[in-house]
Amino acid sequence: MSLINRDTTLRWIELFAAQMDEHRQDLIRLDTAIGDGDHGTNMNRGMQKALEKLQAAEQADPSAVLKTVAMALISSVGGAAGPLYGTLFLQLGTALAGHAEVDLPTYAAAWRTSVEGVQARGKAEPGDKTMVDALLPAVAALEQASDLNTGLRAAADGAEQGMLATIPLIARKGRASYLGERSAGHQDPGSTSTYYLFESAAAAFTS
Numbered sequence: 537m538s539l540i541n542r543d544t545t546l547r548w549i550e551l552f553a554a555q556m557d558e559h560r561q562d563l564i565r566l567d568t569a570i571g572d573g574d575h576g577t578n579m580n581r582g583m584q585k586a587l588e589k590l591q592a593a594e595q596a597d598p599s600a601v602l603k604t605v606a607m608a609l610i611s612s613v614g615g616a617a618g619p620l621y622g623t624l625f626l627q628l629g630t631a632l633a634g635h636a637e638v639d640l641p642t643y644a645a646a647w648r649t650s651v652e653g654v655q656a657r658g659k660a661e662p663g664d665k666t667m668v669d670a671l672l673p674a675v676a677a678l679e680q681a682s683d684l685n686t687g688l689r690a691a692a693d694g695a696e697q698g699m700l701a702t703i704p705l706i707a708r709k710g711r712a713s714y715l716g717e718r719s720a721g722h723q724d725p726g727s728t729s730t731y732y733l734f735e736s737a738a739a740a741f742t743s
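Numbers 537 to 743, taken from my numbering, label the letters of the sequence shown in order.
Below, the structure written as structure tokens:
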């Protein structure tokens, strides 16, 4: 049975941190092509710091776990990734406050709030070649699902499709936008780390 609670939320974060460590060089390569080249390093450092914070104190519920991650990322990750991922986790944690266990409608609604927070922070729209291009189809899949297992798998698939769809786009936000048409043909690193975020959730929350 699928369940979103404190323990499985911790498992999600552990899996995502492992993905950032495993794919650090890939993210560096993607970001070197159209950005500062530090996305993999920053995300790996931030998630390792998040694990340290989680291990240092007990969290009562999923909200507390996510807020701890948010604070770790905001304080330790430079560039755009820290504020944007920090906003995402903070909004998600705030939306889930008071829930020891989280059902699909509540989880999907929390994600919608999180995406809106990220968009407000980064001023990004669909097609701008950012993490929003992976976030939006993932959240839409969660909202349309009838059960958690199906929804989480569909969300990961949606994030992957959104990630791949950034390849031909011309960037309109961030460092990549400075390249203009030369940014086309490259996969966006932020959408790539977002795909790993949803892939990790599917693994953590489903049986």
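Quick reminder that beta carbons are idealized off the backbone N, C-alpha and C, glycines included. Because the structure is a prediction, the values reported are computed rather than measured.
Confirm, please, whether the CB-CB distance from residue j to residue i is below 8 Å.
{"i": "PRO725", "j": "LEU624", "result": "no"}
{"i": "SER611", "j": "LEU632", "result": "no"}
{"i": "LEU563", "j": "THR728", "result": "yes"}
{"i": "ALA690", "j": "ALA670", "result": "no"}
{"i": "VAL668", "j": "ALA644", "result": "no"}
{"i": "ILE570", "j": "LEU715", "result": "yes"}
{"i": "GLY658", "j": "LEU620", "result": "yes"}
{"i": "GLY615", "j": "ASN580", "result": "no"}
{"i": "GLY687", "j": "LEU640", "result": "yes"}
Per DSSP, what kind of secondary structure is residue i in: helix, strand or coil?
{"i": "GLU594", "result": "coil"}
{"i": "ILE706", "result": "coil"}
{"i": "VAL613", "result": "coil"}
{"i": "GLU661", "result": "coil"}
In its own chain, which residues sit with a C-beta less than 6 Å from the C-beta of residue i, not counting the 5 before and 5 after it?
{"i": "MET583", "result": "ALA553, MET556"}
{"i": "LEU587", "result": "ALA553"}
{"i": "SER650", "result": "LEU624, GLN627, LEU628"}
For residue i, which residues in the same chain have their Cβ closer than 7 Å to its Cβ, ignoring the five residues on either side in sequence?
{"i": "ALA720", "result": "PRO704, LEU705, ILE706"}
{"i": "VAL605", "result": "ILE549, ALA586, PHE625"}
Tell me which residues share the same chain as residue i and place their Cβ nearer than 8 Å to its Cβ, disregarding the 5 neighbours each side in the sequence.
{"i": "GLY573", "result": "ILE564, ASP567"}
{"i": "HIS501", "result": "In the structure displayed, the chain extends from 537 to 743; residue 501 sits before or after that span and is not available."}
{"i": "LEU546", "result": "LEU590, GLN595, VAL601"}
Would you decide whether residue i is buried or exposed? Buried here means 16 or more other CB atoms lie within 10 Å of its CB.
{"i": "ALA593", "result": "exposed"}
{"i": "ALA656", "result": "exposed"}
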